[in-house]
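**Q** Residue 19 in this note's numbering sits at position 11 of the sequence shown; the count goes up by one each step and never skips.
Below you'll find the structure I mean.
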Amino acid sequence: MTVMVNPPRIDLDACQGHGRCYHLAPAIFRPADEVGHAEVIPGVEITDRDRPALDRAVAACPEMAIDWDAGPTS
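Here it is in structure tokens:
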């Protein structure tokens, strides 16, 4: 199993709390507050198995608030 080095980042100023990311990739994102803003689960390791869900979450964000560069893998 390949682990991706760079975790995604959420632009908290851009996130409007739609929740698409944590519905599409619940192993990576979770709600951060009662409004629905998201956060990356602390310490999460993104594996090659998680990548399709992460890619869908990034593409589904209406504000494009998720930044992710797969970068080198280990």
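Virtual Cβ for every residue (Gly too), placed ideally from N, Cα, C.
Just checking: is the beta-carbon of A40 within a distance shorter than 9 Å of some beta-carbon in chain D?
**A** In the structure shown, chain D does not exist; there is a single protein chain.
**Q** Report the three-state DSSP secondary structure of V66 (helix, strand or coil).
**A** Helix at V66.
**Q** By a C-beta neighbour count over all protein chains shown, 10 Å radius and 16 as the cutoff for buried, is V48 buried or exposed?
**A** By the neighbour-count rule (16 or more Cβ atoms within 10 Å), V48 is buried.
**Q** Since E47 sits in a beta bridge, which residues does DSSP pair it with?
**A** DSSP lists R38 as partners of E47.
**Q** Quick one: grab the DSSP three-state call for R57.
**A** Note: R57 maps to coil in three-state DSSP.
**Q** Alpha carbon to alpha carbon, how far is V11 from T55?
**A** Those two C-alpha atoms are separated by around 4 Å.
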